[in-house]
Structure formats: C-alpha cells, structure tokens
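Colleague: I'd like to ask you about the structure that follows.
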Amino acid sequence: MELTPTELKRLDDQTLLITWSDGQRKRYAVSDLRKACPCVMCRNERKEAEHAPQQLTILAPTELAPLKIDRMALAGNYAYRITFSDGHNTGLFTFEHLRELGEVVE
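Quick note on full-length UniProt numbering: the sequence shown kicks off at 1 and runs consecutively.
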C-alpha cells in the first residue's frame, strides 16, 4: 500500500503538519525541507559542501529572512512542488521522500 498525504496544515510560518493515509502525523520544519530539497542543484551543493566543509557561504538577503512555504502544489499523484520564500521551487518532493523526513507527532 502506497502511503499518501491526506491533510496538509500550516502550524505556523515555519512548520508544516502532514497527516498520512495510515493515520500517522508528521511535523516538518520548513528549513529542514529546504535543506532536503531533492533537485539536482541542491544535491550538487550538498556534495560540494561535503568536500569543502570549512568554506563559508555568502548569503543573499532573501536567505537571511525566516524561510516559509509560499506555495505547495501537487505534482502528478506522487509528489509536491514546494515554492519557498527564497524563490526556490525546482525540487519535487515525492511522497516517499516526505515520509522519510519530519518528526512523528503523537
């Protein structure tokens, strides 16, 4: 049985709650979702950071503001495209990937 989200709820600007088809609820920090973006650009940035852990990144003003989800749209019947307040929206967060992330809420 493939697990699917049945409810999305914004708890506040920095936290999302997803209820899954098996009844499990998970809380997601928006910043953690952004860091786990599965797009090629973000995966490459994470690989580069592993090879140069001492290198500091210069942040743009938009990257300093608290991160929020501006939009979350279904992509087919298997993923969400999330648009973050920093403008990033190229990653498709599959249901499988989302299920691996987050923190279970009792």
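Think of the CB as a built atom: it goes at the ideal place given N, C-alpha and C, for glycine as much as any other residue.
Can you give, in chain order, each stretch of the alpha helix (DSSP H) that sits fully within the region 40-80 and has at least 4 residues?
Modeller: Fully enclosed alpha helix (DSSP H) runs of 4 or longer: 40-51, 61-64.
Colleague: Can you give me the start and stop residues for the alpha helix (DSSP H) that residue 107 sits inside?
Modeller: The structure shown does not extend to residue 107, since the chain is modelled only from 1 through 106, so no value can be given for it.
Colleague: Can the beta-carbon of residue 3 be found closer than 8 Å to that of residue 21?
Modeller: Your numbering for residue 3 matches position 3 in the sequence shown. Your numbering for residue 21 matches position 21 in the sequence shown. Yes, the pair counts as a contact, with Cβ atoms nearer than the cut-off.
Colleague: Could you check whether the region 62-69 touches the region 77-91, counting it as contact only if at least three pairs of C-beta atoms, one from each stretch, sit closer than 8 Å?
Modeller: yes
Colleague: By a C-beta neighbour count over all protein chains shown, 10 Å radius and 16 as the cutoff for buried, is residue 64 buried or exposed?
Modeller: Residue numbering aside, residue 64 sits at position 64 when the sequence shown is read from its first letter. So residue 64 counts as exposed.
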